[in-house]
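To keep things clear, I will list the structure first and then write my remarks on it.
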Amino acid sequence: METFAVNAYGVYSNITFPLSVKIFKPKGTLKAEDKYKTKIELASEMITELIESGFNIELVLADSLYGESSQFIRKIAEYNLAYVVSISL
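The sequence shown begins at 1 in the UniProt record's numbering and counts up by one.
So, in structure tokens, the structure goes:
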């Protein structure tokens, strides 16, 4: 079964470490009890969970999948977070 991960990393004193990992499961790989979530939905959940856990997010960096998603940008704006995202030209 092919799966993909959505990851959040933190940087402290020039050390990068994982904060959160959520597994993305394509629709064709879901079990009956699984609920499909897009990578955007998973990443948005991660931001909310990290903030609610007390993490101080100073900057969000993301590739074009997220940078071109109005849903993801709205989530970042909801928390008034600074961000740098890629977009396709």
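Glycine included, every Cβ here is placed at the ideal spot set by N, Cα and C.
CA-to-CA distance, residue j to residue i, given in whole angstroms
{"i": "Glu45", "j": "Ala8", "result": "11 Å"}
{"i": "Leu81", "j": "Tyr36", "result": "27 Å"}
{"i": "Asp63", "j": "Ser86", "result": "5 Å"}
{"i": "Glu33", "j": "Lys25", "result": "12 Å"}
{"i": "Tyr79", "j": "Leu30", "result": "31 Å"}
{"i": "Leu50", "j": "Tyr12", "result": "15 Å"}
{"i": "Ile57", "j": "Ala43", "result": "14 Å"}
DSSP state of residue i mapped onto helix, strand, coil
{"i": "Phe55", "result": "coil"}
{"i": "Tyr9", "result": "strand"}
{"i": "Ile47", "result": "helix"}
{"i": "Leu65", "result": "helix"}
Contacts around residue i, its chain only, beta-carbon distance under 8 Å, and the 5 residues preceding and following it disregarded
{"i": "Ile40", "result": "Leu65, Tyr66, Ser69, Gln71 and Phe72"}
{"i": "Lys27", "result": "Tyr36"}
Residues near residue i in its chain [Cβ-Cβ closer than 6 Å; skip 5 each side]
{"i": "Ile76", "result": "Val60 and Tyr83"}
Residues sharing a beta bridge with residue i, DSSP
{"i": "Thr16", "result": "Val11"}
{"i": "Ala82", "result": "None; Ala82 has no bridge partner."}
{"i": "Lys22", "result": "Val6"}
Contact test: residue i Cβ vs the ligand GDP heavy atom, cutoff 6 Å
{"i": "Tyr66", "result": "The ligand content of the structure shown is nil, which means the ligand GDP is not present either."}
Buried versus exposed, by CB contacts within 10 Å (16 or more), residue i
{"i": "Ile15", "result": "exposed"}
{"i": "Leu89", "result": "exposed"}
is_contact[residue i, chain C] using C-beta, thresh 7 Å
{"i": "Leu61", "result": "No chain C is part of this structure, which consists of one protein chain only."}
Contact set for residue i: own chain, Cβ-Cβ below 7 Å, skip 5 residues either direction
{"i": "Pro18", "result": "Asn7 and Tyr9"}
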